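Note sheet for the following structure.
Residue numbers (our numbering), protein chains in the order written: chain Y, 32 to 413; chain F, 658 to 1034.
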């Protein structure tokens, strides 16, 4: 009997919420369209691949050897040769202006050193203001130069002792990238973008839904009804949970169908993982609403949590590169876990057996935070 | 326009902000707290990649090769597997990112035919770590290969010498290739982009929602006066935030500061005006605080995170995405801050970026002034 009454109260609360949220066409639009547009843009923008490094060359040696080295760079798909410089100052000025990232200066005597069997050296200027791109660019550079040196040596041996040429010992590395054979950056980042978008939307919307009632005074009207606090919170959570599920389904479909991220796992694993994550995001929203009074506070308060959650989730930068303290902090973060679930289900086809610790961690986070919020939430106004 | 009314409006807003001291504290401290979290945590330096080795050859030669992996700080050998299944399992459950498998008869093949190969298995689900790990592994193998070659050439009595081409790289602007120096100025820009727009994004919507807009309408204050009055207090708070963050970046994180403070603050003022106007425009547009807040989130958070060049370099994006970044203010501010901090760039070199930012500011101010109507419908 008591339960039936409670359920009926929650039912009325739900109806009120649905009407309130979906009545305003502007809000309806704002809840559905932006996540899709964002997904489309950010899916393309989020890449750490360095595909083309801009390069300038100053060849002061101007020999067959130096031209051969330069042609290796201009022929490489990693480099775009922006400029053949004629003076050393051109290189410095260009780097300073940011016209190119790397500048090669081949001094005269390069070929002589090579022919004499001494090591030859090339000067390189690097704009390292973006350290990751600079590192990757230097890596490409070393690869090309090593190949050049090896070929040059093979030629030399061919000339001196052709009978031995095929016996020069050489060790190669055969690389097999698993789960993402093309080392495609999009495959890695799109699951992260899905997690981020859901966290941002669901948390802010839930926090707002409760704080708004407080701010515009309708919480007083709720106060005089027989509804209990957990019923009130439940009524606030269910509609946004459903919106979140809808949102998640759309985003994962876009990820699979539009961006063609391979989906190796089971939809059920993904669905369970995402629903637990939605609960965690909803709880965070409810929690924020209990510590803030106005919607502006709620917005800034929400991002007080959301920004670190995104940065510590391993979305853009790997968790393993963080200091130990922040690595521990990232275990508490539901976004870390859901991104892991999304990536592993998409790319590795992982099931419950591997992913249950992530799901359990998110569930514990959700329940703890929800418990604290219900206790903190007061129907009364002080 | 009357300055007296503008001043009155500023006073009203200032009182409203002051009445809510907890918000004020959060607004001022939040950027600093975020800066500390990000400054330490956001890092793309990849070292100590967990490595698994499986030596199926088990000779002096193969051991010698694997020692090369032990000696670097790029890899950390966490497992030595005894079977192929074990290797697969370690990669599957994420214990290791890279596995090096030396095939049976490795040394025999190398000595008889000269050509031998070693297998590297990568967990490429994180493609960035995988690419960098692959690069490290190739580098190690290359140096091993040339050592073997040099030995062989000496034994054969071929006096060709090692024809190696070495690069003397001079890295500018961030000599130690430290992620932190690159990220901290970016974080300052990121935090200011978000805070700036958030501060003003609810100001007008709030007045409508609470019904105080009617009171404002009945006063003689004009719409431009309302706009200036609403923006000035937040502008002051925003500048204080910028100063705090820039100070912490230089004195706490030790990011090199090679430019001039005047340039930094001048550019920051222009940027703040842009983002505050963006927030104000959203506030006028959104009407309800819920709609305004969602618009503010869409317009600021993800663009500032993903389309600003803060983590993901803009010049590597598809051309269409690059065009979109051009209409977003954070892109210019991230690049300006990095330039001023690391390169000490002068205003003349950054003319283009400042000009673009100024155009965006003018457009946003004009749009929000036009969109706001001081009447009830």
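The beta-carbon is built from N, C-alpha and C at its ideal position, and this holds for glycine as well.
Small disclaimer: the values here were computed from a predicted structure and weren't measured.
Those residues which DSSP pairs with residue i across a bridge
| i | result |
| --- | --- |
| residue 709 (chain F) | F:736 and F:756 |
| residue 1003 (chain F) | Note: residue 1003 (chain F) sits in no beta bridge, so no partner. |
| residue 110 (chain Y) | Y:84 |
| residue 207 (chain Y) | F:778 |
| residue 741 (chain F) | Per DSSP, none; premise fails for residue 741 (chain F). |
| residue 115 (chain Y) | Y:88 |
| residue 136 (chain Y) | Y:89 and Y:154 |
Same chain only: Cβ atoms within 8 Å of residue i, ignoring 5 sequence neighbours per side
| i | result |
| --- | --- |
| residue 665 (chain F) | 878 and 886 |
| residue 413 (chain Y) | In this predicted model, residue 413 (chain Y) has a pLDDT of only 45, less than 50, meaning its place in the structure is not dependable; the value taken from the coordinates is given anyway. Closer than 8 Å at the Cβ level, and outside the excluded window around residue 413 (chain Y), lies no residue. |
| residue 389 (chain Y) | 304, 368, 369, 371 and 372 |
| residue 262 (chain Y) | 37, 40, 41 and 44 |
| residue 739 (chain F) | 711 |
Neighbouring residues, chain Y, relative to residue i (Cβ below 7 Å)
| i | result |
| --- | --- |
| residue 720 (chain F) | Here the premise fails: no neighbours, minimum Cβ distance about 14 Å. |
| residue 700 (chain F) | 348, 352 and 353 |
| residue 999 (chain F) | 160 |
| residue 792 (chain F) | 170 |
| residue 975 (chain F) | 75 |
| residue 835 (chain F) | 162 |
| residue 995 (chain F) | 160 |
Residue from the options with nearest C-alpha to residue i
| i | options | result |
| --- | --- | --- |
| residue 157 (chain Y) | Y:167, Y:373, Y:44 and Y:325 | Y:167 |
| residue 775 (chain F) | F:727, F:814, F:736 and F:722 | F:722 |
| residue 972 (chain F) | F:953, F:959, F:958 and F:992 | F:992 |
| residue 862 (chain F) | F:979, F:915, F:947 and F:746 | F:947 |
| residue 744 (chain F) | F:734, F:758 and F:1017 | F:758 |
| residue 326 (chain Y) | F:672, F:677 and F:663 | F:677 |
| residue 142 (chain Y) | Y:179, Y:106 and Y:163 | Y:179 |
| residue 995 (chain F) | F:1008, F:967 and F:1017 | F:967 |
| residue 352 (chain Y) | F:1015, F:888, F:699 and F:659 | F:699 |
| residue 771 (chain F) | F:797, F:803 and F:779 | F:803 |
| residue 605 (chain F) | Y:238, Y:240, Y:241 and Y:245 | Absent from the structure is residue 605 (chain F), since the part of chain F shown begins at 658 and ends at 1034. |
| residue 48 (chain Y) | Y:387, Y:376, Y:270 and Y:256 | Y:270 |
| residue 963 (chain F) | F:847, F:908, F:777 and F:880 | F:847 |
| residue 924 (chain F) | F:896, F:939 and F:734 | F:896 |
| residue 788 (chain F) | F:702, F:724 and F:853 | F:702 |
| residue 328 (chain Y) | F:855, F:908 and F:729 | F:855 |
| residue 229 (chain Y) | Y:90, Y:308, Y:78 and Y:131 | Y:308 |
| residue 406 (chain Y) | Y:67, Y:314 and Y:347 | Y:314 |
| residue 334 (chain Y) | F:671, F:684, F:797 and F:670 | F:684 |
Contact test: residue i Cβ vs the ligand MG heavy atom, cutoff 6 Å
| i | result |
| --- | --- |
| residue 863 (chain F) | The ligand content of the structure shown is nil, which means the ligand MG is not present either. |
Cβ shell of residue i (< 7 Å), same chain only, five flanking positions each side left out
| i | result |
| --- | --- |
| residue 411 (chain Y) | In this predicted model, residue 411 (chain Y) has a pLDDT of only 46, less than 50, meaning its place in the structure is not dependable enough to derive any value. |
| residue 383 (chain Y) | 300 |
| residue 959 (chain F) | none |
| residue 360 (chain Y) | 343 |
Contact list for residue i against chain F, beta-carbon separation under 7 Å
| i | result |
| --- | --- |
| residue 161 (chain Y) | 839 and 970 |
| residue 61 (chain Y) | 948, 951 and 952 |
Own chain residues within Cβ distance below 6 Å of residue i, not counting five before or after
| i | result |
| --- | --- |
| residue 171 (chain Y) | 109 |
| residue 717 (chain F) | none |
| residue 145 (chain Y) | 96 and 151 |
| residue 915 (chain F) | 1001 |
| residue 258 (chain Y) | 40 |
| residue 695 (chain F) | 844 |
Within chain Y, the residues that residue i reaches when beta carbons sit closer than 9 Å
| i | result |
| --- | --- |
| residue 796 (chain F) | 170, 173, 174 and 177 |
| residue 934 (chain F) | Residues of chain Y passing the Cβ test: none, with the nearest at roughly 17 Å. |
| residue 866 (chain F) | 243, 246, 247 and 326 |
Cross-chain neighbours of residue i in chain F, by beta carbon under 8 Å
| i | result |
| --- | --- |
| residue 342 (chain Y) | 694, 695, 698 and 699 |
| residue 95 (chain Y) | Neighbours of residue 95 (chain Y) on chain F: none; closest Cβ ~14 Å, over 8 Å. |
| residue 235 (chain Y) | 950, 951 and 954 |
- Message: For the pair the segment 133-148 of chain Y and the segment 83-103 of chain Y, tell me if three or more CB-CB distances fall below 8 Å.
- Response: yes
- Item | the segment 746-766 of chain F in contact with the segment 701-713 of chain F per 3-pair CB rule at 8 Å | yes
- Query: Touch check for the segment 309-327 of chain Y and the segment 289-297 of chain Y: three-plus C-beta pairs under 8 Å?
  - Reply: no
- Query: On the three-pair Cβ rule with 8 Å, is the segment 979-988 of chain F touching the segment 85-95 of chain Y?
  - Reply: no
- Query: Can you find at least 3 beta carbon pairs, one from the segment 66-80 of chain Y and one from the segment 219-235 of chain Y, that sit closer than 8 Å?
  - Reply: yes
- Is it true that the segment 110-123 of chain Y meets the segment 1004-1018 of chain F, where meeting means three or more beta-carbon pairs spaced less than 8 Å apart? no
- Cβ contact check for the segment 786-806 of chain F and the segment 395-408 of chain Y: 3 or more pairs under 8 Å: no
- Message: Within 8 Å, do at least three Cβ pairs link the segment 941-955 of chain F to the segment 230-239 of chain Y?
- Response: yes
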